[in-house]
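The structure appears right after this line, and notes come after that.
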Amino acid sequence: MASTGPRADAARAAFRDLMEAKGHVVENARAAVVGLETAFADGTLERTGPLDAMLADLMVALEQDVGQKLGGKSAEAARFILRAISRELDNA
Numbered sequence: 040m041a042s043t044g045p046r047a048d049a050a051r052a053a054f055r056d057l058m059e060a061k062g063h064v065v066e067n068a069r070a071a072v073v074g075l076e077t078a079f080a081d082g083t084l085e086r087t088g089p090l091d092a093m094l095a096d097l098m099v100a101l102e103q104d105v106g107q108k109l110g111g112k113s114a115e116a117a118r119f120i121l122r123a124i125s126r127e128l129d130n131a
């Protein structure tokens, strides 16, 4: 069952705001993950199996070697996964 209430709605909105924010998608995705992890930890949102899988995929996409430029395939993968997470958040 999805989390309800103003805090859950605010956590979802904050994630979606970061997803659409100006700036580099990889940096925005990292910030969005931090916000979600905080919401899961404090009980604002409920972690689901599909969200866990999507977040694991996102973390792989965000891995970056020292000195490697942001972007390219990582940015495209992050955009795709962020949209999937946004849809699944309605179940969290």
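Heads up, the numbering used here is the position in the sequence shown plus 39, with the first residue counted as 1.
Even for Gly, the Cβ is constructed at its ideal location relative to N, Cα and C.
Every value quoted in this text rests on a predicted model; they were computed, and no experiment measured them.
Whole-angstrom C-beta distance between residue 71 and residue 54, which should lie under 8 Å: Separation of the CB atoms of residue 54 and residue 71 is rounded to 5 Å, and the pair is thereby assigned contact status at 8 Å.
Would you check if there are 3 or more beta carbon pairs closer than 8 Å linking the segment 87-106 to the segment 44-64? Contact fails between the segment 87-106 and the segment 44-64, because fewer than three Cβ pairs, one in each stretch, are under 8 Å apart.
Give the DSSP-derived three-state secondary structure of residue 112 in the structure shown. Here residue 112 sits in helix by DSSP.
Should residue 117 go down as buried or exposed, given a rule of 16 or more other Cβ atoms within 10 Å for buried? With 16 or more other Cβ atoms inside 10 Å of its own Cβ, residue 117 counts as buried.
From the DSSP output, in three-state form, read off residue 87 for me. Reduced to three states, the DSSP call for residue 87 is coil.
Burial state of residue 64 (16 or more Cβ within 10 Å): When all chains shown are included, residue 64 counts as buried.
With distance defined between alpha-carbon atoms, name the residue in 97, 114 and 45 nearest to residue 62. Among 97, 114 and 45, the Cα nearest to that of residue 62 is on 114.
Rounded to a whole number of angstroms, what is the C-alpha to C-alpha distance between residue 77 and residue 83? About 8 Å.
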